[in-house]
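Asks: Residue numbers (our numbering): 5 to 340. Before anything else, here's the structure in question.
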């Protein structure tokens, strides 16, 4: 998840880590065609609870922790305990789930854990499109789980926990925007969050049928503008991709005040490119975090991104709203 609002903190001219995305697992119960993990061959695994506590001990105090990676967080049985540990550290905590495993027992465990935010990944309400995008996953089952979660939140007095629909900009999601916003209002959810798809890991042309594409950009903008108006009327917060927010001035702050930690400890500086095989600056289980965070290579990366993000971030979906098909790894020169 991209955090668009960030308090920038410096101590003695050095950036201070404020937000971290930690991967509970890179396993998933589905193989969605547009998902990164479907197209790579990294070892699968879960972060054990004792390892997670070690991560928290090694990191400086942070204000936000998001428990998400390329897998389904609910597959890690220790997720509620991880949330409780994070809250004890004083951080606000969120997670993102495909909701397929969100039984009543697991929903209650999440609500009771002290979590602050749950993103529910649903890209369309149309059954045929949903099954094509997420083979083996039933929209009927997912919506039943989400409805139960929303009811448990309301009836159990957990209204301080934010619930949001999270979508990526595939064509079926754009077509379903209005119906998803209406459903969010009906269920009492707080937000609908739309994020551009990162296709940097996909073969060229792989998602041509699912992407609005350059020719469909006018339709896409019209759809998001209509969605914003509808959400305002229904009392739902609608967050389009950052580039579509009026008067938004794009400047990537993530390398300055955020990082990703994979289930096996690799530290990556980009919230949209967390693959350690593409770029990482060290492993938290092998090297002190301060050495990683303050390394010359990490500083060089920050300077490059802040001065001129090209070609490092060419096609970043948060900035450009397009899929990125590089012919080579633009981060290769920065890899330690």
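C-beta: ideal position from N, C-alpha, C; glycine also.
Check residue 134 in the structure and name its three-state DSSP category.
Replies: Residue 134: helix per DSSP, three-state reduction.
Asks: If you follow the alpha helix (DSSP H) that residue 187 is part of, which residue opens it and which one closes it?
Replies: Residues 175-191.
Asks: Write down the C-beta distance between residue 35 and residue 139 rounded to the nearest angstrom, noting that I regard them as a contact closer than 8 Å.
Replies: 6 Å between Cβ atoms; contact.
Asks: Assign residue 219 to one of two classes, buried (16 or more other C-beta atoms within 10 Å of its C-beta) or exposed (fewer than that).
Replies: Low local confidence applies: a pLDDT of 48 at residue 219 is under 50, so the model's placement there is unreliable, with the coordinate-based value given in what follows. Exposed.
Asks: Just how far apart, CA to CA, sit residue 159 and residue 113?
Replies: Whole-angstrom Cα-Cα distance: 15 Å.
Asks: Using DSSP's beta-bridge definition, name the partner residues of residue 262.
Replies: Bridge partners of residue 262: 23.
Asks: Residues bridged to residue 242 by DSSP?
Replies: DSSP output for residue 242 lists 196 as bridge partner(s).
Asks: Considering residue 296, what are the terminal residues of the alpha helix (DSSP H) in which it resides?
Replies: From DSSP, the alpha helix (DSSP H) with residue 296 extends over 293-297.
Asks: Should the stretch 59-78 be regarded as contacting the stretch 299-312, the criterion being three or more beta carbon pairs within less than 8 Å?
Replies: As far as the Cβ criterion goes, the stretch 59-78 does not touch the stretch 299-312, which means the pair count is below three.
Asks: Taking the continuous alpha helix (DSSP H) assigned at residue 151, which residues delimit it?
Replies: Unbroken alpha helix (DSSP H) run through residue 151: 143-159.
Asks: Please state the DSSP three-state secondary structure of residue 114.
Replies: Residue 114 falls in the helix class under three-state DSSP.
Asks: What residues match up with residue 271 in a beta bridge as DSSP calls it?
Replies: Answer is 265.
Asks: Check whether the stretch 275-287 and the stretch 82-98 are in contact - that is, three or more C-beta pairs closer than 8 Å.
Replies: Counting Cβ pairs under 8 Å, fewer than three are found: no touch.
Asks: Could you check if residue 292 is buried or exposed, using at least 16 other CB atoms within 10 Å of its CB as the buried criterion?
Replies: Result: exposed.
Asks: List in chain order: all unbroken beta strand (DSSP E) runs of 3+ residues lying wholly within the stretch 77-126.
Replies: Listed in chain order, the complete beta strand (DSSP E) runs (minimum 3 residues) inside the stretch 77-126 are 96-101 and 121-125.
Asks: Leaving out the 5 sequence neighbours to the left and right, which residues in its chain are closer than 7 Å to residue 117 when beta-carbon positions are compared?
Replies: Cβ within range, chain order: 84, 87 and 88.
Asks: Looking only at C-alpha atoms, which of 64, 54 and 22 sits nearest to residue 295?
Replies: Selected option, being the one with the closest Cα: 64.
Asks: Go ahead and pull the three-state DSSP assignment for residue 285.
Replies: Of the three classes helix, strand and coil, the one that applies to residue 285 here is coil, per DSSP.
Asks: On a Cα-Cα basis, can you pick out the residue from 169, 25 and 157 that is closest to residue 90?
Replies: Of 169, 25 and 157, the residue nearest in Cα terms is 25.
Asks: To the nearest angstrom, how far is the alpha carbon of residue 73 from that of residue 111?
Replies: If you take the alpha carbons of residue 73 and residue 111, they lie about 20 Å apart.
Asks: Is residue 33 buried or exposed, if buried means 16 or more other CB atoms sit within 10 Å of its CB?
Replies: Classification for residue 33: exposed.
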